[in-house]
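*Asks:* Structure incoming, see below.
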Amino acid sequence: DTEVTQTPKHLVMGMTNKKSLKCEQHMGHRAMYWYKQKAKKPPELMFVYSYEKLSINESVPSRFSPECPNSSLLNLHLHALQPEDSALYLCASSQGRGLAVHYEQYFGPGTRLTVT
Amino acid sequence: AQSVTQLDSQVPVFEEAPVELRCNYSSSVSVYLFWYVQYPNQGLQLLLKYLSGSTLVKGINGFEAEFNKSQTSFHLRKPSVHISDTAEYFCAVSRWGGGADGLTFGKGTHLIIQP
């Protein structure tokens, strides 16, 4: 099973709202990622968690707050977003480490976020 | 740092014709190479990967790619395309031995299959 699930599928929020995106994988992967994808653009890395610890933050504004409660779950907390934050938010996971190194990342279907 | 260049933003091809999508990369260290496909309103699906070994890599849906270290290329090919292959294709790299690094993507190539 190579499935990464994301909820919700669609989210519309106002600029003063607080919401959260959720991501889950049961492949035993120890690295999880958040990407942001604007229309007709490639995904851009936001955050990387390795063994439940934040290892990479690509200078993302503080209105985006990631959380990794355990090895299977990854959240992205949203607060005071701007309309330009509207995008597809993709979660991914990978093995992250090991002798048989396979760093391919498996992506979820994404959450389509619209900020009004 | 790594970078990826996909030379064609859009490639129109007739159904059952062969196709090649071009990808060149730049890196000061060894890299892993990947091709992902994204259908409309969906996430990314891994087509194939090059980690080491044979430079000709076979993937899903009849796609294959060849790693050429001297030309720093990783072009994707399919001998006969189908309407269902219409999608956005992304070439990506990650740093070899870099642990849980993120992927660096090219800008994507939109493959359009014409009947």
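So the sequences go chain by chain: A and B.
If you want the working numbering, it's the position in the first sequence, counting the first as 1, plus 391.
If you want the working numbering, it's the position in the second sequence, counting the first as 1, plus 1009.
Backbone N, C-alpha and C define an ideal beta-carbon position, used for all residues, glycine too.
None of the values given here were measured: they were computed from a predicted structure.
Would you check if there are 3 or more beta carbon pairs closer than 8 Å linking the stretch 1018-1036 of chain B to the stretch 417-429 of chain A?
*Replies:* Counting Cβ pairs under 8 Å, fewer than three are found: no touch.
*Asks:* Give, in chain order, every residue of the stretch 1062-1087 of chain B whose Cβ lies closer than 7 Å to some Cβ of chain A.
*Replies:* Within the stretch 1062-1087 of chain B, no residue qualifies.
*Asks:* Alpha carbons only, please: which of A:466, A:460, A:474 is nearest the one belonging to residue 437 of chain A?
*Replies:* When only C-alpha atoms are compared, the closest one is A:466.
*Asks:* Identify, in the order they occur along the chain, each residue of the same chain with its Cβ nearer than 6 Å to the Cβ of residue 405 of chain A, setting aside the five sequence neighbours on each side.
*Replies:* So the qualifying residues of the chain are 507.
*Asks:* Using a Cβ-Cβ distance under 8 Å, would residue 496 of chain A count as near chain B?
*Replies:* With 8 Å as the cut-off, residue 496 of chain A counts as an interface residue toward chain B.
*Asks:* I need the DSSP call for residue 408 of chain A, collapsed to helix, strand or coil.
*Replies:* In this structure, residue 408 of chain A counts as coil in the three-state DSSP scheme.
*Asks:* Taking all protein chains shown into account, do 16 or more other C-beta atoms lie within 10 angstroms of the C-beta of residue 417 of chain A, making it buried, or fewer, making it exposed?
*Replies:* Looking at its Cβ environment, which holds fewer than 16 other Cβ atoms inside 10 Å, residue 417 of chain A is exposed.
*Asks:* Report the neighbours of residue 419 of chain A on chain B: residues whose CB is nearer than 8 Å to its CB, in chain order.
*Replies:* In chain order: nothing, as chain B lies at least about 14 Å away.
*Asks:* When the distance is taken between beta carbons, is residue 1110 of chain B closer than 8 Å to residue 1103 of chain B?
*Replies:* Yes.
*Asks:* Report, in whole angstroms, the separation of the C-beta atoms of residue 1019 of chain B and residue 1118 of chain B, which I expect to be a contact under 8 Å.
*Replies:* Yes, residue 1019 of chain B and residue 1118 of chain B are in contact; Cβ-Cβ is about 7 Å, under 8 Å.
*Asks:* Pop quiz: residue 1035 of chain B and residue 1081 of chain B are said to be a contact at Cβ under 8 Å. What is the actual Cβ separation, rounded to whole angstroms?
*Replies:* Sure, about 6 Å apart at Cβ, within 8 Å.
*Asks:* Assuming the contact rule is C-beta atoms closer than 8 Å, residue 410 of chain A and residue 402 of chain A should be a hit. Round their C-beta distance to whole Å, please.
*Replies:* That belief holds up - the Cβ atoms of residue 410 of chain A and residue 402 of chain A are roughly 6 Å apart, short of 8 Å.
*Asks:* Taking its Cβ as the centre, do 16 or more other Cβ atoms sit within 10 Å of residue 1114 of chain B, making it buried, or is it exposed?
*Replies:* Residue 1114 of chain B is buried by the Cβ-count criterion.
*Asks:* In whole angstroms, give me the CA-to-CA distance for residue 1091 of chain B and residue 1016 of chain B.
*Replies:* Distance between the alpha carbons of residue 1091 of chain B and residue 1016 of chain B is about 22 Å.
*Asks:* Determine the contact status of residue 481 of chain A and residue 1062 of chain B, defining contact as a CB-CB distance below 8 Å.
*Replies:* Not a contact, by the Cβ cut-off of 8 Å.
*Asks:* Scan the stretch 1023-1052 of chain B for residues whose Cβ lies nearer than 7 Å to a Cβ of chain D and list them as they occur along the chain.
*Replies:* As a matter of chain content, chain D is missing from the structure shown, whose protein chains are A and B.
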